[in-house]
Structure formats: C-alpha cells, structure tokens
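A short worksheet on the structure shown next.
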Amino acid sequence: MNQSYYTILSFLEKCKTMKELKQIHSLMIKTSVVKNIIPCSRLIDFCANSELGDIEYARTVFDRTDQLTVYVWNSMIKGYCNGGDKFGALFMYEEMQRKGFYPDHFTFPFVLKVCSVIDLLVYGQSVHNRIVKTGFELDVYTSSCLLNMYVSCGDLNSGLKVFEFIPKWNVVAWTSLIAGFVNNDQPKEALRLFKDMENEGVEPNEITMTTALAAAARCRDIHTGKLVLYRLRQLGLDPFHTNSRFNVILATAIMDMYAKCGKLVTARNLFDKMPQRNLVVWNSMISAFSQYGRGAEALRLFVDMELAGFVPNKATFLSVIRACTHLRFRSTGQSLHARVLKANFHEFVAIGTALMDMYAKSGDADTALKIFSKLRKKDVMAWTTMISGLAIQGKGKEALNVFRRMEEEAEVAPDQITYIAVLWACSHLGLVEEGQKHFTSMMEVYGIEPTMEHYGCMIDLLSRAGHSEEAEELLVKMPTQPNATILSSILNGCEMYGNVGLANRVKSHIVELKNSSSGVYVLLSNIHAKACNWEEMKLARDILKHKKIGKTRGNSFVEMN
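Residue numbering for the sequence shown follows my numbering, beginning at 3 and increasing consecutively.
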C-alpha cells in the first residue's frame, strides 16, 4: 500500500462534512485509491449513515465501485432505511441477491425494520423464510427484529412463535412483545407479559416501563399502574424522584397513567412539577380533563398551552372540540372549527366526527350533516355519530335514512352503538315493524348480542305503541335483570293504555332492584290512581316517602363571547 492510501484513510476517519468528503473523494480518484474497496466502503458508509450525509451521492459512488461487498450493500440498505426511502432499501435488498450476494445478520434487521414501519407483513414473511434458509433465526438480534416486525404488523400469534424460538429472551425482545400487545389493543395481555418478564428475572429498562405504564393506562388499572411505578422507583428510574437526567417520555407515561385512570389531581400535580414539557404532555392533560367531564379546565389548559408557545395538532383539537361538546359551548366550537379548517385538519375522520357531534348536540344538525357529507372516509364512529345526532334532535326519519345509506354504501358494518341510535329513532317515530326488523337483523346478520340499551329501546318502542304483550315477552327473555329505565318505559305504556295487570306484574321486578329510582313508584301511583285502586296507590306513595330521595345542587359554566 502506498502512502496515499493511509493518508486518505486518516482523512476519512476525521471527516465531518459532505464538503470535506467530496474533497477526499476527488483525492481518491486522482491517486487511484478509489479502486480499493476499503476506502470506498468508508466513503459510502459516511454518505449513507451520517446525519450530514447524502444517500444519492452514496449511490453514485456505489454504482462506480467494482469490488462490492456485503458490508457495502448493508451500508446502502441502512442508508435508505434511515433516510426515509423505505422502498429504496427494499430495492437494494432485492438487487443485492440478484447480484449473487447473500444477506447476513446485519442485512435482515434493516429490511425487517422497513417492513415494521410501512406495515409490509407479507413481505416480512418472505424475509422470515429467507432468514430460516440462511440459518440466522438463532441470531438474537435478527430474531428480535423479526419479532418486532410481526407485532408491529399486528400478527401477534406469529410474534409469539418467534419469541418462543429466541434462544435468549433479552429485555429488547420482551419489550417488543409487550409493546406489540399494547399497540394492538390488548393491554391486559401486555401487563401479564410484563409480570412474566419480571418472574423470568429480566430487568426492565425505561422503554419497558413506559410501555407497561401505557398498558395500565389503557386498562384504567390504577392498582397495576402503581405497582409498575413502585418497581420504577426500585430501579431508580422514576423521573420525579431522581437527580439524573429528566426523562420526559417516561414522566409523560406516569402522568398519563394517572390521568387516564381518573386521578386528575395527581396527574395535574405531576404536570406542574415537570421541568420541561412537550406537546404530548399538554395533549395528555387536556385530553384527560375533557374525557372526565372537566371541559372548562381542558379549555383553560389549551389557552395556557398556546401562551407557552406550543402549536396545537390534531390530537389537541380533538380534545378541545369534545370539551366544547360537553359544555355546549357552540360559539367556542365554531371558532375551533375555523382553526381546524385553516390547519387543514378537517379531513381527518376523528376530528370531523367530533365536530359533527358538537354541532348535533348543540342543535345544529344541518351543519353536522354538511361536515358528514364532506368526509372522504367515514368509519363506523362517523356514521354512528351522525345517526345518533339526528335521532337526538328529533330527526328520526333522517337518522334512519343515513343508516340505510350506511348499509348500502359503507365499507364498515354497524356496531352495538349504531343500533342503539337506530332503535332509539324507531322508538320515537313509533315504527314498530321497522324496529323489530333492525333488532332481528342486528343479531342474525351482524352477530351483535343485544345489551341492556338495545332491550331498553325495543321495550320503549313496543310500550309506546301499545304492544304490551310483546314488551312483556321481551322483558322475560332478557338475560339480565331489567334496570329502572326499562321498567319505567313499560310503566309509561301501562299508564298510557291503562294496563293495570301488566303494571302489577312488573312490580316484582321493581322490588328486586337494589337502587330503584323514585320515578317508577310515581308511575305506579299514577296508574293505580287512574284505575281507582286506592290501596295500591297509597302503598306506592308510602314507599316513595320512605326512600327520602333529596335533590343535590348543581353547577354550570357559562360561555362568554
């Protein structure tokens, strides 16, 4: 090797910018060092992997290199993967094999990462087959990446199979599996795995703890959340009780766990203690206040957030629009709607649905319908919100028309909540046959088991229409004890149509209720009074007196323009 070779290697070691690298590349060409694979590999590696690099320049050098190695191919694949061109990484992976190069235990993790990020399960399965054929399935890092690919793509069963095959279950593998179950809406299973991990003697890291706290938050399981927090303190990782670097991600997870479990005072105290906050922290606190019916505090915090210099995103607007819905702050909601339009967030189905709900519940069903019609993609929640909003505003016919459109046009099937809105609309329109048709269709076509709310709507419908025998039959068929609302529906029908016999039969159900409301006894009293059954009327009124139900004072918020 001549002196130029070692000089250039030294320059490459010290290189900090693309400008310097291009100068070194020119020197390599002049001295013919460019023909040597080692300096070329380092040149490509810098271009592909450095934050200051240039993947296109790396590709130019790569295409002019005669003596390619697996290391160089891996550098290019990694560069495309980290640089955002995921399909470019897959193209290089395919090209590598076509040129006769065999992927190794560094190649596969890069490719699996791409599959995880862009949800390419089928392609990931083909990579898995290749891993098995080349004998890298026993490599811990490769298997961990394979596990992460499956759980990221939602194939938890395949992920578990890979996990069981991993020769040594390290904290990375455990954390990937736990996160997979959290992200696929199985938080209880995620917490079970966390406990299994502890029992196996594997010490969790900060990422594991963040994931476990997220699982506890989704379960609304404050007890398990506190156990995770206790373990966190044992390991010296609690960001609120350590002198080390403040971990804002972990701190947010702790605060969010308390917030989602309804412990808003504790959550707010932690929020106030944070030395640094990001948008996720603000959104978590605003969302919690909104979710638990404290809309005024959510809106105040929203103002504070903007004063602190943070720009609201989709999640922020979603929470504050819901707060306006709860408070019936239509004027504030309209202002937020204007900002949503300006930010071009209105096409997102969750925000569109929240706006529809806000307008419908404030009495403006027409604006809700306009927003609904402009949504390009409508999920089951959007359809249900529109049907429910129309039904609540007394527009039952329009609600049923939207439901028919859903059945004919939508790519999604109605769910339990959709059918509550549909049956409620039928009840208030007195459409007995249509209500019965939908009730049957719900069970036979969509396989939805009726809940207390579905039975309540149907019994209300039948009772209002004077179909007392059918209402009683449905009451008897209910798998659970009817609640006071259902019994009140039947008694309302009895009062309307003078059915004293049914009222007496319903009385046995009322007695079985542990916390029956005063309303059912008022109805019983009225029914017997109209029938001149004075003794029964007196009995109902005596029970009502003994219940001693008092009224509690309420409070309200007033929207100021």
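Just so it is clear, CB atoms sit at the ideal spot from N, CA and C, and this is done for glycine as well. Given the structure is predicted, the values throughout are model-derived calculations rather than measurements.
Using 8 Å for Cβ pairs, my map puts residue i next to residue j. What's the rounded Cβ distance?
{"i": "M408", "j": "G437", "result": "That belief does not hold up - the Cβ atoms of M408 and G437 are roughly 17 Å apart, past 8 Å."}
{"i": "A290", "j": "A261", "result": "3 Å"}
{"i": "F312", "j": "L357", "result": "Contact doesn't hold; Cβ gap of about 22 Å is too wide."}
{"i": "G500", "j": "K540", "result": "That belief does not hold up - the Cβ atoms of G500 and K540 are roughly 19 Å apart, past 8 Å."}
{"i": "N51", "j": "S77", "result": "7 Å"}
{"i": "L303", "j": "M287", "result": "6 Å"}
Consult DSSP for residue i and reduce its assignment to one of helix, strand or coil.
{"i": "C147", "result": "helix"}
{"i": "N131", "result": "helix"}
{"i": "W171", "result": "coil"}
{"i": "M360", "result": "helix"}
{"i": "C17", "result": "coil"}
{"i": "L11", "result": "helix"}
{"i": "S390", "result": "helix"}
{"i": "C534", "result": "coil"}
{"i": "T554", "result": "In this predicted model, T554 has a pLDDT of only 42, less than 50, meaning its place in the structure is not dependable; the value taken from the coordinates is given anyway. Coil at T554, not helix or strand."}
{"i": "S443", "result": "helix"}
{"i": "S289", "result": "helix"}
{"i": "A310", "result": "coil"}
{"i": "K228", "result": "helix"}
{"i": "A473", "result": "helix"}
{"i": "F347", "result": "coil"}
{"i": "M30", "result": "helix"}
{"i": "Y125", "result": "helix"}
{"i": "E451", "result": "coil"}
{"i": "R220", "result": "helix"}
{"i": "D544", "result": "helix"}
Can you give the Cα-Cα distance for residue i and residue j, rounded to whole angstroms?
{"i": "W284", "j": "V404", "result": "37 Å"}
{"i": "E410", "j": "V342", "result": "30 Å"}
{"i": "R247", "j": "P241", "result": "8 Å"}
{"i": "M35", "j": "L14", "result": "Rather than Met, the amino acid found at residue 35 in this sequence is Val. Computed Cα separation, rounded: 12 Å."}
{"i": "V502", "j": "E472", "result": "16 Å"}
{"i": "L489", "j": "V522", "result": "7 Å"}
{"i": "T226", "j": "K170", "result": "27 Å"}
{"i": "G297", "j": "H328", "result": "7 Å"}
{"i": "V447", "j": "K439", "result": "11 Å"}
{"i": "E53", "j": "I26", "result": "18 Å"}
{"i": "R44", "j": "Y82", "result": "16 Å"}
{"i": "N535", "j": "G396", "result": "36 Å"}
{"i": "H469", "j": "E537", "result": "28 Å"}
{"i": "T244", "j": "E205", "result": "19 Å"}
{"i": "N201", "j": "L123", "result": "31 Å"}
{"i": "N528", "j": "G458", "result": "22 Å"}
{"i": "H430", "j": "P189", "result": "39 Å"}
{"i": "G102", "j": "I133", "result": "16 Å"}
{"i": "K363", "j": "C155", "result": "38 Å"}
With distances taken Cα to Cα, identify the nearest neighbour of residue i among the options.
{"i": "R466", "options": "R222, M498 and L252", "result": "M498"}
{"i": "S321", "options": "G335, S292, A340 and E349", "result": "S292"}
{"i": "L231", "options": "C221, N172 and A253", "result": "A253"}
{"i": "T212", "options": "M199, N186 and V250", "result": "V250"}
{"i": "I323", "options": "N315, Q188 and H339", "result": "H339"}
{"i": "S520", "options": "E58, L92, L493 and T244", "result": "L493"}
{"i": "P111", "options": "I120, F93, S145 and Q336", "result": "S145"}
{"i": "E474", "options": "A505, A175 and M444", "result": "A505"}
{"i": "D274", "options": "V184, Y8 and M257", "result": "M257"}
{"i": "E108", "options": "L92, I419, A345 and F138", "result": "Going by the sequence as given, residue 108 is Phe instead of Glu. The option with the nearest alpha carbon to F108 is F138."}
{"i": "L148", "options": "G156, N159, G126 and K135", "result": "G126"}
{"i": "K18", "options": "L525, F48 and C42", "result": "F48"}
{"i": "M454", "options": "S364, A486 and N185", "result": "A486"}
{"i": "N346", "options": "F319, G102, E435 and V63", "result": "F319"}
{"i": "A310", "options": "C221, A91, R279 and K115", "result": "R279"}
{"i": "F89", "options": "L114, D106 and V74", "result": "L114"}
{"i": "M360", "options": "E166, E435, T387 and S286", "result": "T387"}
{"i": "D121", "options": "Q99, E96 and D157", "result": "D157"}
{"i": "V119", "options": "L92, R100, Q99 and D106", "result": "L92"}
Under 8 Å between the Cβ atoms of residue i and residue j?
{"i": "A384", "j": "L377", "result": "yes"}
{"i": "V351", "j": "D381", "result": "yes"}
{"i": "Y104", "j": "V72", "result": "yes"}
{"i": "L215", "j": "L195", "result": "no"}
{"i": "G335", "j": "A367", "result": "no"}
{"i": "S6", "j": "T33", "result": "yes"}
{"i": "P484", "j": "H511", "result": "yes"}
{"i": "M151", "j": "C117", "result": "yes"}
{"i": "I57", "j": "G85", "result": "yes"}
{"i": "N172", "j": "V142", "result": "yes"}
{"i": "T420", "j": "I389", "result": "yes"}
{"i": "C263", "j": "A219", "result": "yes"}
{"i": "V434", "j": "L464", "result": "yes"}
At a Cβ threshold of 8 Å, is residue i touching chain C?
{"i": "A50", "result": "The chain inventory of the structure shown lacks chain C, comprising one protein chain alone."}
Residue i: beta carbon under 7 Å from a heavy atom of the ligand MG?
{"i": "K540", "result": "The ligand MG is not part of this structure, which contains no ligands at all."}
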